[in-house]
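S.K.:
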Amino acid sequence: MTLSLLILLPFFGSILAGLLPQDARNREALLSGLIAFSCVVIVAWYAPAIFAGQVIEQHIEWLPFLDLNIVFRLDGFAWLFALLVSLMGVLVVIYARYYMDPADPVPRFFAFFLAFMGSMLGVVLSGNVIQLVIFWELTSLSSFMLIAYWHHRPDARRGARIALTITAGGGFCLLAAMLLIGQVVGSYELSVILASGDLIRHDEHYTLILVLFALGALTKSAQFPFHFWLPNAMAAPTPVSAYLHSATLVKAGVFLLARFWPVLAMTDQWFWIIGLAGLLSLTVGAYVATFQNDMKGVLAYSTISHLGLITLLLGMNSQLALIAAVFHMINHATFKASLFMATGIVDHETGTRDMSVLSGLRRSMPLTATLATVAAAAMAGVPLLNGFISKEMFFSETLFLDDTRRYILPVLAVVASTFSVTYSLRFILKVFFGKEANNLPRTPHEPPKWMLFPSTVLVCLCILIGVLPGIVIEPTLTLATTSILGANHPSIDLAVFHGINIPLIMSAMALIGGIVVYFVLRPYWQSHAGHTLGFHIEGREVFDNLINRLDSFAATVNEYISSHRVQVQMFCIVLVTFIVALIPLLRYTDWLMWPRTKFSLSFAILWVVGAACAIGAAHQAKYNRFRAVVFAGGAGIATTVTFAWLSAPDLALTQLVIEVVTVVLLLLGLRWLPRRNNDGATSVSGAEETVKHLRHIRDAILAVAVGLGMTILTYVITTRNTISSIGNFFTENALPKGGGTNVVNVILVDFRAFDTYGEITVLGIVALTVYALLRRFRPPEESLYALEKRDKTVAPDLAKIKENEALPRGTLLVPNVLVRLLMPMISLIAIFFFMRGHNLPGGGFIAGVIFAIGIIVQYMISGIHWVELRSRIKPQNWLAAGLFMALSAGILPLFYGLPFLSALAGDIHLPLIGDIHLSSVMLFDLGVFALVVGSSTYMLVALAHQSLRSQRQSKGAK
22 MTLSLLILLP
32 FFGSILAGLL
42 PQDARNREAL
52 LSGLIAFSCV
62 VIVAWYAPAI
72 FAGQVIEQHI
82 EWLPFLDLNI
92 VFRLDGFAWL
102 FALLVSLMGV
112 LVVIYARYYM
122 DPADPVPRFF
132 AFFLAFMGSM
142 LGVVLSGNVI
152 QLVIFWELTS
162 LSSFMLIAYW
172 HHRPDARRGA
182 RIALTITAGG
192 GFCLLAAMLL
202 IGQVVGSYEL
212 SVILASGDLI
222 RHDEHYTLIL
232 VLFALGALTK
242 SAQFPFHFWL
252 PNAMAAPTPV
262 SAYLHSATLV
272 KAGVFLLARF
282 WPVLAMTDQW
292 FWIIGLAGLL
302 SLTVGAYVAT
312 FQNDMKGVLA
322 YSTISHLGLI
332 TLLLGMNSQL
342 ALIAAVFHMI
352 NHATFKASLF
362 MATGIVDHET
372 GTRDMSVLSG
382 LRRSMPLTAT
392 LATVAAAAMA
402 GVPLLNGFIS
412 KEMFFSETLF
422 LDDTRRYILP
432 VLAVVASTFS
442 VTYSLRFILK
452 VFFGKEANNL
462 PRTPHEPPKW
472 MLFPSTVLVC
482 LCILIGVLPG
492 IVIEPTLTLA
502 TTSILGANHP
512 SIDLAVFHGI
522 NIPLIMSAMA
532 LIGGIVVYFV
542 LRPYWQSHAG
552 HTLGFHIEGR
562 EVFDNLINRL
572 DSFAATVNEY
582 ISSHRVQVQM
592 FCIVLVTFIV
602 ALIPLLRYTD
612 WLMWPRTKFS
622 LSFAILWVVG
632 AACAIGAAHQ
642 AKYNRFRAVV
652 FAGGAGIATT
662 VTFAWLSAPD
672 LALTQLVIEV
682 VTVVLLLLGL
692 RWLPRRNNDG
702 ATSVSGAEET
712 VKHLRHIRDA
722 ILAVAVGLGM
732 TILTYVITTR
742 NTISSIGNFF
752 TENALPKGGG
762 TNVVNVILVD
772 FRAFDTYGEI
782 TVLGIVALTV
792 YALLRRFRPP
802 EESLYALEKR
812 DKTVAPDLAK
822 IKENEALPRG
832 TLLVPNVLVR
842 LLMPMISLIA
852 IFFFMRGHNL
862 PGGGFIAGVI
872 FAIGIIVQYM
882 ISGIHWVELR
892 SRIKPQNWLA
902 AGLFMALSAG
912 ILPLFYGLPF
922 LSALAGDIHL
932 PLIGDIHLSS
942 VMLFDLGVFA
952 LVVGSSTYML
962 VALAHQSLRS
972 QRQSKGAK
């Protein structure tokens, strides 16, 4: 069993969940639960090896010469977090099954949920730091989708935007830190980096690395001053909060701090950056949570506070503090997830989370009240519960710091813990005790038993760890901390009672002080509901002001450096490009030694014609767009002949078919461009005419300079022998390593297949964007008028065509019949070019364009209605199938221990046919074929539907 399976399972399940029907809530929950439970089983399967002290690694080569390989690494600490992520996933799926409304788009919820689970497992198991950052950003993206799940709500959209901006920005800082660490160490392998702590700490860039690293970790764990995104993320469904904002996403930052503790800790900079951020988060979060009226608001700020406690422990530069931090990570996940679930149950059954309205729910919801009370007591640090033990360890560590910190930290720790007791007590007494409320939106009652099951499991863990810590959690905690600190880690002695000592006295002071503060502040809460006592800065307002100022600054800069005229923008772009390209050439003059080649008059005439067509296209663009398209096609034909002349038949064939498709699409789109209105032209003065003339001269000079420069540069590059080694490599290795004699196609589908995959992905995105834009496009009035004037008839209704199987009125019968016969021939030609592409000119791209031309001809002659009634495969399905096949061709080699997108080849014997040579590059090329067909026809369909819409608008205007 491989570690990659543990990560691929959730992503595979995410795709399946998204494909399930809208009303399949039980099936979606069952699928998600089985995926999460399978991850638990896989993690448990590794337990014997991990507890035996092994570190399991899986290496998948990708770019070994750049030290960029896919590496999965499982040690004790990663095993603990993988178990936490997967086991908590099972419980949240069970809870979400009953929480989510059947009217909600449940497939989307579980698809995003599983995608996040896979991303989080990727962070935990990554053995390469660049790979870790990729999964890190995937957690930000998938959490953005989950927070914005109810996107019809403004608070959900705003919360998701803030969370993505903060966490993704921190991710960029983390990437910079990892790149610097890799340069210092000489490797991006996590195991190598973890063994190079002294090298990094003594490097001159250590402080910069630490600052960038801290920005990445602190933003993800919502630490001061980036804490404000977490309360705004509470607009997400409660299962999301229970999973992301208590057990997984916000734990990613402290997980990273603990993982890199041996590398970056034990310095003053580490204490003041990490420790101070944790101390501020601990105190500010606890104080603000005390005055929240929204139940999820209390839990959000308390999460910030408890994560601040963990961060402060990690910043103390003490091994025992690290152990306490890891222990509190586990404890916090159990009681906080349970409290979020209780909050969701209250909201689900009563219709509100407002603590100023809720009261006395223990009478109608006794089980929920009991579970919430125990979980809140664990959060407050009540004895015989898990939170008490880890908080006492925290108190103990604050006493062993040197200098003035040993006097300040214990006091602030007790103050923060006092407020923790206060908001925990208020959370329970206000919601579940007191007089029963009679003005709730819904009549409260207990939820289904299975909805209480996850919270029951978590509360039982709080009790078991609190009563029997040495048996229940100490072995796992020892395993996790040993993998961080090594064999020389301090011994762990977890017990409920260590005698009467200062940490115990501090715990008692916090408990008693919290109760006193509660009764002191109760009159204030009743009269100032929702207001924080004292000065409070709203982080969201600061963020919004910063974003608004940034937008204003960008608008001001844009106003000075841009123009509404396309010509001015193009002049600036071309001028800057010319200067940037010229600067490096001025330093090296060897390129000025042009090699001599034999002059060909025929070739020169060809390019004179091509240049004349290009100039004609530029000139006619302002006066007659149809002529401009014709001239542009002439320049394209000259380019096609040039490729063929220079023995590049693949490029020539590609250029030719692209010219056909481009010209057709341009002609379809020309009619929607507004006409140039020269009737109202006013006379211009002589000075204005002179300025216009000088502008034309300026543009002509730049155009000639850039054109000549590109011509010379291209000539020098293609005729010199000093860089021919690149071409020699491909020509020498195309057949032995790529299995094909067509070097161009082998490069596209084998040597540079990753580039090709990115290009076809962009092509699909462009097609979807064009379709989306044209759906909202409204043609100018003159276009509708021209349509009405030219053709008084409109296309018959779709139902009539379907019923009568007749062609639209005005369709020419003979060309239509001929085009029907032409389609099978074009299909055979496309198949021919596809099958021969690996050894002769052709391939998936060329075949796709040829097949798309056949479809375009059908649309042009028979009309959109007739074609779409007989079309069995929609363009968007072609897009999806193409990407899926190309991705499958890349993933398949991974199962054979080869890098992504490597070529797999083999021969199979078929009766009567003989041996057939098959290769995975054929599947990749087939994906390219399908995506090219889908993209071309999707844009065509968008234009065709625009014509039909305009016809309906024209008819309605009458």
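So for the sequence shown, the numbering used here puts the first residue at 22; every next one is plus one.
For every residue, glycine included, the Cβ atom is placed at its ideal position computed from N, Cα and C.
Computed from a prediction, not measured in an experiment: that's the story for all the values here.
Span of the beta strand (DSSP E) holding L939?
M.R.: Looking up residue 939 in the sequence shown gives position 918. Here the beta strand (DSSP E) through L939 covers 935-940.
S.K.: Just to confirm before moving on: does the CB-CB distance between Y119 and P469 stay below 8 Å?
M.R.: Position 98 of the sequence shown, counted from the first residue, corresponds to residue 119. Position 448 of the sequence shown, counted from the first residue, corresponds to residue 469. For Y119 and P469, yes; Cβs fall inside 8 Å.
S.K.: Mark E709 as exposed unless 16 or more other C-beta atoms lie within 10 angstroms of its C-beta, in which case mark it buried.
M.R.: As a position in the sequence shown, residue 709 is number 688, starting the count at 1. Exposed, since its Cβ has fewer than 16 Cβ neighbours within 10 Å.
S.K.: At a cut of 8 Å, does the segment 101-113 reach the segment 473-483 through at least three beta carbon pairs?
M.R.: Short answer: they touch.
S.K.: Could you tell me which whole beta strand (DSSP E) segments of length 3 or greater appear in the segment 518-593?
M.R.: The qualifying runs do not exist here; there are none.
S.K.: Could you give the C-beta distance for V271 and L301, rounded to a whole number, given that I count them as a contact under 8 Å?
M.R.: Residue mapping note: residue 271 aligns to position 250 of the sequence shown, counting from 1. Residue mapping note: residue 301 aligns to position 280 of the sequence shown, counting from 1. No, V271 and L301 are not in contact; Cβ-Cβ is about 16 Å, not under 8 Å.
S.K.: How long is the line joining the alpha carbons of L603 and I738, rounded to whole angstroms?
M.R.: As a working mapping, residue 603 is identified with position 582 in the sequence shown. As a working mapping, residue 738 is identified with position 717 in the sequence shown. Rounded to whole angstroms, L603 to I738 spans 15 Å at the Cα level.
S.K.: Taking buried to mean at least 16 other C-beta atoms within 10 Å of its own C-beta, is Q879 buried or exposed?
M.R.: One-based indexing of the sequence shown puts residue 879 at position 858. The residue in question, Q879, is buried, as its Cβ has 16 or more Cβ neighbours within 10 Å.
S.K.: Would G680 be called buried (16 or more neighbouring beta carbons within 10 Å of its own) or exposed?
M.R.: To locate residue 680, count along the sequence shown from 1; it is residue 659. For the sequence presented, residue 680 should be read as Glu rather than Gly. It counts as buried.
S.K.: Compute the beta-carbon to beta-carbon distance between T675 and I867, rounded to the nearest angstrom, for a pair I have assumed lies under 8 Å.
M.R.: For the purposes of this step, residue 675 is taken as the residue at position 654 of the sequence shown. For the purposes of this step, residue 867 is taken as the residue at position 846 of the sequence shown. Indeed they touch by this definition, with Cβ atoms about 6 Å apart.
S.K.: Under the assumption that L687 contacts V650 (Cβ atoms under 8 Å), give the Cβ distance between them as a whole number of angstroms.
M.R.: Translated into positions along the sequence shown, residue 687 becomes position 666. Translated into positions along the sequence shown, residue 650 becomes position 629. Indeed they touch by this definition, with Cβ atoms about 5 Å apart.
S.K.: Identify every residue that forms a DSSP beta bridge with D928.
M.R.: The sequence position of residue 928 within the sequence shown is 907, counting from 1. H938, per the DSSP bridge assignment.
S.K.: Per DSSP, which one or two residues make a beta bridge with V92?
M.R.: On the sequence shown, residue 92 is found 71 positions in, with the first residue counted as 1. Paired residues: H80.
S.K.: Can you tell me the Cβ-Cβ gap for A268 and L105, rounded? I've got them flagged as a contact below 8 Å.
M.R.: Sequence index remark: in the sequence shown, residue 268 carries index 247 (1-based). Sequence index remark: in the sequence shown, residue 105 carries index 84 (1-based). Their Cβ separation, rounded to whole angstroms, is 6 Å, which keeps A268 and L105 in contact under 8 Å.
S.K.: CB V261 to CB Y170, shorter than 8 Å?
M.R.: Working through the sequence shown from its first residue, we reach residue 261 at position 240. Working through the sequence shown from its first residue, we reach residue 170 at position 149. Closer than 8 Å, so yes.
S.K.: Alpha carbon to alpha carbon, how far is L360 from W887? Give it in angstroms, no decimals.
M.R.: Here residue 887 refers to the residue found at position 866 when the sequence shown is read from its first residue. Here residue 360 refers to the residue found at position 339 when the sequence shown is read from its first residue. If I take the Cα positions, the gap works out to 59 Å.
S.K.: Using the C-alpha atoms, what's the distance from W899 back to E826?
M.R.: On the sequence shown, residue 826 is found 805 positions in, with the first residue counted as 1. On the sequence shown, residue 899 is found 878 positions in, with the first residue counted as 1. Here E826 scores only 45 on pLDDT, less than 50, and its place in the model should not be relied on; the value that follows carries that caveat. Those two C-alpha atoms are separated by around 26 Å.
S.K.: For K821, which residues of its own chain have a beta-carbon under 7 Å away from its beta-carbon, when the five flanking residues on both sides are left out?
M.R.: Translated into the one-based positions of the sequence shown, residue 821 becomes position 800. Low per-residue confidence applies at K821: pLDDT is 46, beneath 50, and the placement is therefore not dependable, though the value from the model is reported in the following sentence. Once the five neighbours on either side are set aside, K821 has no close Cβ partner at all.
S.K.: Return the CA-CA distance between L196 and F33, expressed in angstroms with no decimal places.
M.R.: For the purposes of this step, residue 196 is identified with residue 175 of the sequence shown, where counting begins at 1. For the purposes of this step, residue 33 is identified with residue 12 of the sequence shown, where counting begins at 1. For L196 and F33, the distance between alpha carbons rounds to 27 Å.
S.K.: Going by C-alpha to C-alpha distance, which of G707, L420, A508 sits closest to G74?
M.R.: Stepping through the sequence shown from its first residue, residue 74 is reached at position 53. Minimum Cα distance to G74 is reached at A508.
S.K.: Report the option in N149, S621, A726 whose CA atom is closest to the CA atom of F592.
M.R.: Here the question's residue 592 lines up with position 571 in the sequence shown. Out of N149, S621, A726, A726 has the C-alpha closest to the C-alpha of F592.
S.K.: What first and last residue would you give for the alpha helix (DSSP H) that runs through F872?
M.R.: Taking the sequence shown and counting its residues from 1, one reaches residue 872 at position 851. It spans 865-883 - the alpha helix (DSSP H) in which F872 sits, taken as one unbroken run.
S.K.: Can you check which of these residues, S623, V629, G655, R719, is closest to L638 by C-alpha distance?
M.R.: In the sequence shown, residue 638 corresponds to position 617, counting from 1. The amino acid at residue 638 is misidentified as Leu; the sequence shows Ala. When each option's Cα is compared against that of A638, the closest is G655.
S.K.: Roughly how many angstroms separate the alpha carbons of V578 and I786, rounded to a whole number?
M.R.: Here residue 578 refers to the residue found at position 557 when the sequence shown is read from its first residue. Here residue 786 refers to the residue found at position 765 when the sequence shown is read from its first residue. One C-alpha to the other measures close to 29 Å.
S.K.: Of the choices M255, L446, I871, whose alpha-carbon is the least far from that of V953?
M.R.: Locating residue 953 in the sequence shown gives position 932, counting from the first residue. The option with the nearest alpha carbon to V953 is I871.
S.K.: Quick one: what does DSSP say N749 is sitting in, helix, strand or coil?
M.R.: One-based indexing of the sequence shown puts residue 749 at position 728. Here N749 sits in helix by DSSP.
S.K.: Assess contact between the segment 483-497 and the segment 366-385, defined as three or more Cβ pairs (one per stretch) separated by less than 8 Å. Is contact present?
M.R.: The segment 483-497, when compared against the segment 366-385, does not touch it at the 8 Å Cβ threshold.
S.K.: Under 8 Å: do the segment 560-568 and the segment 235-253 share three or more Cβ pairs, one atom per stretch?
M.R.: Touching, per the Cβ criterion.
S.K.: To which residues does DSSP link E495 through a beta bridge?
M.R.: What you label residue 495 is simply residue 474 of the sequence shown in a count that begins at 1. Answer is none; E495 lacks a bridge partner.
S.K.: Determine the direct distance from the alpha carbon of D720 to that of L707, and round the result to whole angstroms.
M.R.: For the purposes of this step, residue 707 is identified with residue 686 of the sequence shown, where counting begins at 1. For the purposes of this step, residue 720 is identified with residue 699 of the sequence shown, where counting begins at 1. Checking the sequence, you will find Gly at residue 707 rather than Leu. Between G707 and D720, the C-alpha separation is close to 20 Å.
S.K.: Could you check which residue in L839, Y778, Y917, I521 has the C-alpha nearest to that of A907?
M.R.: Locating residue 907 in the sequence shown gives position 886, counting from the first residue. It is Y778 whose Cα lies nearest to the Cα of A907.
S.K.: How is N837 classed by DSSP in three states: helix, strand or coil?
M.R.: Stepping through the sequence shown from its first residue, residue 837 is reached at position 816. N837: helix per DSSP, three-state reduction.
S.K.: Based on DSSP bridge pairs, tell me the residues matched to S147.
M.R.: Here residue 147 refers to the residue found at position 126 of the sequence shown. Note: S147 sits in a beta bridge opposite F93.
S.K.: For the candidate residues L944, T661, D936, P123, whose alpha-carbon lies nearest to that of L904?
M.R.: Taking the first residue of the sequence shown as position 1, residue 904 is located at position 883. Nearest C-alpha to L904: L944.
S.K.: In terms of residues, what are the limits of the alpha helix (DSSP H) holding V378?
M.R.: Position 357 of the sequence shown, counted from the start, is the residue given in the question as residue 378. Counting along the chain, V378 falls outside any alpha helix (DSSP H), and DSSP gives it neither H nor E.
S.K.: With 16 other CB atoms within 10 Å as the buried threshold, where does Q340 fall?
M.R.: Translated into positions along the sequence shown, residue 340 becomes position 319. When all chains shown are included, Q340 counts as buried.
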